[in-house]
Amino acid sequence: MTYVVTDNCIKCKYMDCIEVCPVDCFYEGENMLVIHPDECIDCGVCEPECPADAIKPDTEPGLDKWLQVNSEYAEKWPNITAKKEPPADAKTFDGEAGKFEKYFSPEPGEGD
Numbered sequence: 001m002t003y004v005v006t007d008n009c010i011k012c013k014y015m016d017c018i019e020v021c022p023v024d025c026f027y028e029g030e031n032m033l034v035i036h037p038d039e040c041i042d043c044g045v046c047e048p049e050c051p052a053d054a055i056k057p058d059t060e061p062g063l064d065k066w067l068q069v070n071s072e073y074a075e076k077w078p079n080i081t082a083k084k085e086p087p088a089d090a091k092t093f094d095g096e097a098g099k100f101e102k103y104f105s106p107e108p109g110e111g112d
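For the sequence shown, the UniProt record's numbering begins at 1 and goes up steadily by one.
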């Protein structure tokens, strides 16, 4: 099992999860974070820290797509180990449906 970041992170990109991760397995895209599934130790401390409820265990039904997205982009995006400020309009997008199709960016973030 591993944890994955799902579409509710897109354009919210709260970073509370990064501060608690003991293995620094988060990677930063332009408008979301992902977890590297081979680095995640399945401790689960990140899940309750996410204000957008965007982190889920990959054992939940229907998360195969998100495991693939996390795996692919963790290889392409820079590692991030320190919390930054979320986007100013993050609350506007929290809970919006269909965010992957509307807003996902494959571009990398800045990382550390």
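The C-beta atom is built at its ideal place from N, Cα and C for all residues, glycine as well.
- The Cβ atoms of residue 5 and residue 35 sit closer than 7 Å to each other.
- Per DSSP, reduced to three states, the secondary structure at residue 102 is helical.
- For residue 46, the number of other beta carbons within 10 angstroms of its own is at least 16, and it is reported as buried.
- Under DSSP, residue 63 forms no beta bridge with any residue.
- Rounded to whole angstroms, the gap between the alpha carbons of residue 65 and residue 38 is 16 Å.
- If you look at residue 18, you'll find it in the alpha helix (DSSP H) that goes 16-20.
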